[in-house]
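Encoded as structure tokens, the structure appears first; notes follow it.
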Amino acid sequence: MSKKKKHHKKKPDNRLYHIADSDVLINILVPDNESLRIKCKDYLENYGRLYRGAITVVTLGEVAKKICSVKDAQVRNAIFILLGKLITEQKIAILQINEKDAEKALEFHQADYKPHIPELLSLARAVREKANVFMTADKRLYDSAIRTYVKDKHGILIQMIS
């Protein structure tokens, strides 16, 4: 007699879904402001526990570019290792960008030219992911018309760590 395998339904993940902008990671890894570094670090430590967390490949590229600007090779290598640990330990998903995201980013850009295209690509992916929050430490993005536009049209809150 063969045994039937029991299929366990995966419980839905009811945690809020946050997608972080590059400046959140940059302020942890290559900080200019110690107070902001601590706030960003505290926030990111909740990824995987309080929130489902993700970044986009665009975000990862911006972070890598900033790390590459560090002159001291030993320090730069240590920062790259720390980045890998953060992604792994906090269970941060890394999301791809596609053509629909690029089209949505263009829509956002037409609504307000202030934010940079990389931020808008990540924000567009947050829309596609149906994220609850897009977290940034970028005052320019937070103060832009995009914040209201995205909240009203897509229900995503752009929140700022300051």
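Just so we're aligned: 1478 in this note's numbering is position 91 of the sequence shown, and the numbers increase by one with no gaps anywhere. Cβ coordinates follow ideal geometry from the N, Cα and C atoms, glycine included.
Within the same chain, Cβ atoms closer than 7 angstroms to the Cβ of residue 1427 are found at 1411, 1414, 1415, 1524 and 1548, the five residues on either side in sequence being excluded. Under the 8 angstroms Cβ criterion, the region 1503 to 1512 does not count as touching the region 1453 to 1464, having fewer than three qualifying pairs. A Cβ-Cβ distance of about 6 angstroms is found for the pair residue 1515 and residue 1488, placing them in contact under the 8 angstroms criterion.
Looking at the DSSP output, residue 1440 bridges to 1405.
In this structure residue 1448 is not in contact with residue 1479, their Cβ atoms being roughly 15 angstroms apart against a cut-off of 8 angstroms.
A distance below 8 angstroms between beta-carbons, with the five flanking residues on each side excluded, links residue 1437 to the following residues of its chain, in chain order: 1402 and 1403.
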